[in-house]
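Right, one structure below, let's go through it.
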RNA sequence: GGCCCAUUCGACUAGCGGUUAGGUCGUAAGUUUCUCACACUUAAAACAGCGGUUCGAUUCCGCUAUGGGCUACCA
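Numbering (this note's numbering), first residue to last: 5 to 509.
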């Protein structure tokens, strides 16, 4: 059986969108699952849309995601170079080959002329198609004498090379996800293969490179489905065996309809890109999943399940598990709406599964960066461990645990009203004494002493604990009170009780 | 406009001729609890419509509707 070789072939025209990341992911999973190779090819044939830094961004993003390549300009490989602008010299000969075989022709129509034909057709409620129905009336090597064509070229007249779509053919193709797809050749345009600027178009470069790089499976977004017939016919014209195709459904915006775009992220408040991005021309910025606090594992997990499912009820997967479970025939056919809430939930699940040291370390770092608080790793681990089940992100740990780092400066009104009674101040003074007298200040001892004292004095557990919580936290929330007391330490607890009594009376 | 693709709870989806149409997120209620959460239990919530085929259609086939993609010398 033929070796599995797949490629991810982005265009460096901007930051890599999450739809692109998913396409890369599926390619990667497919390659690994089948013991094949994953190739990164940069498709930069459109010089006008080149954006500096975009290629670097793509490489860094995929690296952050854990998507690795077996071949690229960065890691090497025997089919390079892997950037189309560096393969420029290759394409001309293939274009010439089609010209010689009579599968392509030279066209001199200017963009303005073509635009005019389209407008005219539209005005007559018709569609202008550059193919068998019109090519014989246009300015090209089919309608001109050989001498005329040669003269125009010699004079430096700009021209393009167009593929000659066969007449009256029904092209029946197989898509790994969609099954059979039928297209009538007469509805297709004679697409430009070679531009007047000397660069190939996507269609030519893509087919040539896929062939030269021995790509076995083309896994790409659904936006390419309409081009599949063209591509199949190109392989046929060259006499090459076509790879297998799989067209992935699109990622849709969460509300309404349509393809997910950068604007949706801005509007709805979630990232559309894996990493933070600054546009080099406009200075415009876009948020990234990494900077928003997502773990790459959660991000990838979410993306994998958007348009694919394992057929079991398992939802949490690491990359190895995804690789093991992945198959193209479990990809869905219809577009998937992106859902922010579920994405957060994935991050929560991953946060819960992360080793406590890692989460603690991340929180320690966050405290340093955001609050300028220095704390030791053990304490950060303990704090994070106590509250992580109620947050989705490391950065959210703070609002559940700020009281471990700073004494309350105010007291939540609703809680005060509900929990602070007439005799609370006195009870707190008594509790303070009890706490002061605890010799061995550990969790078990603290709990036992307090519970015993409450019971012996016939006081309500809720009443005492909630008032105490108010003193220590400033609000009616937080983990087990014994934990808080132990971690704050005797002195701090006594201090907080004292100032709490002073504040609430 | 033309061509192509799609259509199950609000969202992601399971289902591949006979099911009380299942799960997850979200929502709501309850249990637990010193609080807030977590956890657990439960609830509401879907086969776009119409025709076929069939003993029987969510499932197969048409048509319609809706949505999406493409329609560049962009990818």
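Backbone N, C-alpha and C fix where the C-beta goes; we use that ideal spot for every residue, glycine too.
Relative to residue 397, the option among 46, 123, 298, 175 whose CA is nearest is 298. In the DSSP assignment, residue 286 forms no beta bridge with any residue.
The residue among 459, 432, 11 with its C-alpha nearest the C-alpha of residue 216 is 11. Taking residue 152 as the centre and dropping the five residues before and after it, the same chain places no C-beta closer than 7 Å to its C-beta. In the DSSP assignment, residue 226 falls outside any alpha helix (DSSP H) and carries neither an H nor an E. Per DSSP, reduced to three states, the secondary structure at residue 383 is helical.
In its chain, beyond the 5 residues on either side, 30, 330, 334, 335, 336 have a beta carbon closer than 8 Å to the beta carbon of residue 312.
For residue 113, no alpha helix (DSSP H) run applies, since DSSP gives it neither H nor E. Under DSSP, residue 76 shares a beta bridge with 80.
With 16 or more other Cβ atoms from the protein chains shown falling within 10 Å of its own Cβ, residue 213 counts as buried. Residue 465 counts as exposed, since fewer than 16 other C-beta atoms from the protein chains shown sit within 10 angstroms of its C-beta.
With fewer than 16 other beta carbons inside 10 angstroms of its own, residue 346 counts as exposed. Between residue 14 and residue 24 the beta-carbon gap is near 6 Å, inside 8 Å, which marks them as a contact. In the DSSP assignment, residue 37 falls outside any beta strand (DSSP E) and lies within the alpha helix (DSSP H) extending over 22 to 37. A Cβ-Cβ contact shorter than 8 Å links residue 486 with residue 451. For residue 447, the closest of 437, 484, 431 by C-alpha to C-alpha distance is 484. As for any beta strand (DSSP E) of minimum length 3 sitting wholly inside the region 36 to 66, the runs are 41 to 44, ordered along the chain. Listed in chain order, the non-local C-beta contacts of residue 453 below 6 Å within the same chain comprise 442, local neighbours out to five positions each way being set aside. The residues 135, 189, 192, 194, in chain order, have a CB closer than 6 Å to that of residue 169 in the same chain once the five nearest residues on each side in sequence are set aside. In terms of Cβ geometry, residue 369 and residue 379 do not form a close pair [threshold 8 Å]. Look at the beta carbons and you see the region 80 to 95 touching the region 201 to 209: at least three pairs across the two are nearer than 8 Å. Three or more beta-carbon pairs separated by less than 8 Å link the region 57 to 70 to the region 25 to 44, which places the two stretches in contact. Residue 179 sits in a strand when the DSSP states are folded into three classes. The Cβ-Cβ distance between residue 402 and residue 19 does not fall below 8 Å. Residue 164 sits in a strand when the DSSP states are folded into three classes. Using a Cβ distance threshold of 8 Å, residue 256 and residue 165 do not count as a contacting pair. Apart from the 5 residues on each side of it in sequence, residue 38 sits with its Cβ closer than 7 Å to the Cβ of 8 in its chain, given in chain order. 361 is the residue among 399, 414, 361 whose C-alpha sits nearest the C-alpha of residue 389. For the pair of segments examined, the region 120 to 133 was found not to touch the region 228 to 235: the number of CB pairs separated by less than 8 Å stays below three. Within a 10 Å sphere around the beta-carbon of residue 431 sit 16 or more other beta-carbons, which makes this residue buried. With contacts defined as CB atoms closer than 8 Å, residue 163 and residue 132 fail to qualify as a contacting pair. One Cα belongs to residue 51, the other to residue 16, and the distance between them is close to 10 Å. DSSP lists 277 as the bridge partner or partners of residue 292. Linking residue 119 to residue 224 through their CA atoms gives a straight-line distance of about 30 Å. The residue from 409, 457, 478, 290 with its alpha-carbon nearest to that of residue 424 is 478. Residue 250 is a Cβ neighbour of residue 180, given a cutoff of 8 Å.
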